[in-house]
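Asks: The following block contains the structure, expressed as structure tokens.
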Amino acid sequence: MKLQIYENDLGSYLKSIKNSTPLTPEREAYLSQRIREGGDLGARNELVGANLRFVISVAKSYQYCGLSLSELISEGNYGLFEAAKRFDERRGFKFITYAVWWVRQAILKALFDQSDVRKPMSLMNDIRKVEREISRFEQNCGRFPSLDEIAERTGISYSRTFNVVNDKKDVSLDAPPRGYGEDSSLYEKLEDCKSISPESELQTSEQDEEINYLLDCLDDREKEVVMRYYGLSGYNPMTLEQIGAVFKLTRERIRQLKERAQGKMLVAAKEREISLQDILVEG
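Our numbering puts the sequence shown at residues 18 to 300.
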């Protein structure tokens, strides 16, 4: 299967996949099982091929960030291919729900690599966690958090938190990338591009996708308890007692359901290297 797309081939490539047919859930599960159990390359190619149009829609949302559309599509295709190797259909959710993270991760990594930034992805993740927690803390507490508070809330060690907070100005995310004016930073451009919704049904933020991915591993009641307790999916945060009143269950039973759900979500989070602490914040 051709994953690398060159600029002069882009038009013919787009035409070639324009009429690709989506897989039925049964066919998707069958192909995924073949891949998981025996690494069937033909099954992997069919699963990837049926979802190539999705990669294009994601790639378009990152245009004008430093790579051509053909380069973005190529990187997204490699991410899709990697997702097909790792997907487990027994978890009960759609392949594309799982694959979207791998597609975006591959594209973002390529955007960072092509810039003047040469920092490890782990550092980039730390920066994003710290910035998100600082913003959240300031909104809730009306002040800037201490290093101890940031480290505790992000799960990042004190020394790494210190380096992120004190050296953040030296990270080239704040430097103008090639091709942009001096008043623009790569971080701002990536955030601008990420805010453009891709042409697909999965038009959600990265964190929303992570939340949906984790919620998919729960049964309906567990999902409702988690959403109500943490204030997800439009709910206001509720106490265990309040949730118990909704379901006509005791506070202890709701607590058990919540803890069982968190255990399932923790397993799923580790598979995708998602920080559960970042997502599940008590109201």
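We put the beta carbon where it would ideally sit given N, CA and C, even for glycine.
Return the Cβ separation of G93 and V65 in integer angstroms, given the expectation that the two are a contact with Cβ distance under 8 Å.
Replies: 11 Å between Cβ atoms; not a contact.
Asks: What does the alpha-carbon distance come out to for the pair L164 and I151?
Replies: 10 Å
Asks: Taking V5 as the reference, give the member of F129, S49 and E169 with the closest Cα.
Replies: Residue coverage of the chain in this structure runs from 18 to 300, which leaves residue 5 outside it and unanswerable.
Asks: Where does R145 sit, in a helix, a strand or coil, going by DSSP?
Replies: helix
Asks: How is T256 classed by DSSP in three states: helix, strand or coil?
Replies: coil
Asks: Quick check: the region 272 to 282 against the region 232 to 243, are there 3 or more CB pairs under 8 Å?
Replies: yes
Asks: In the DSSP assignment, find the unbroken alpha helix (DSSP H) run with F98 in it and report its ends.
Replies: Element bounds for F98: L86 to R103.
Asks: Please report how far the alpha carbon of Y30 lies from the alpha carbon of R145, in whole angstroms.
Replies: Each residue's Cα considered, the two are about 35 Å apart.
Asks: Go ahead and pull the three-state DSSP assignment for S152.
Replies: helix
Asks: Taking contact to mean at least 3 C-beta pairs separated by less than 8 Å, is the region 107 to 124 in contact with the region 226 to 236?
Replies: yes
Asks: Three-state secondary structure (DSSP) at S78?
Replies: Correct three-state label for S78: coil.
Asks: Leaving out five residues on either side along the sequence, give the residues of the same chain with a beta carbon under 6 Å from the beta carbon of E45.
Replies: F112
Asks: Identify the continuous alpha helix (DSSP H) that holds T267 and give its terminal residues.
Replies: Premise fails: T267 is in no alpha helix (DSSP H) and is neither H nor E.
Asks: Out of V263, S176, R108 and I260, which one is the CA nearest neighbour of D143?
Replies: S176
Asks: Do you know how far the Cα of K275 is from the Cα of C234?
Replies: 13 Å
Asks: Where does S49 fall in DSSP's three states?
Replies: helix
Asks: Taking all protein chains shown into account, decide if L58 is buried (16 or more other Cβ within 10 angstroms of its Cβ) or exposed.
Replies: exposed
Asks: State the start and end residues of the unbroken alpha helix (DSSP H) segment that holds L27.
Replies: L27 to I34
Asks: Could you give the first and the last residue of the continuous alpha helix (DSSP H) run that contains D237?
Replies: D237 to Y247
Asks: Does D57 come out as helix, strand or coil in the three-state DSSP assignment?
Replies: Here D57 sits in coil by DSSP.
Asks: Go ahead and pull the three-state DSSP assignment for C234.
Replies: coil
Asks: List, from N- to C-terminal side, the beta strand (DSSP E) runs of 3 residues or more that fit wholly inside the region 159 to 185.
Replies: none
Asks: Does the region 253 to 267 come close enough to the region 68 to 77 that 3 or more CB-CB pairs lie under 8 Å?
Replies: no
Asks: When the distance is taken between beta carbons, is E106 closer than 8 Å to Q50?
Replies: yes
Asks: What separation, rounded to the nearest whole angstrom, lies between the Cα atoms of S202 and Y95?
Replies: Note on S202: pLDDT 45, under 50, position unreliable in the model; the coordinate value appears next. In a straight line, the C-alpha of S202 is about 27 Å away from that of Y95.
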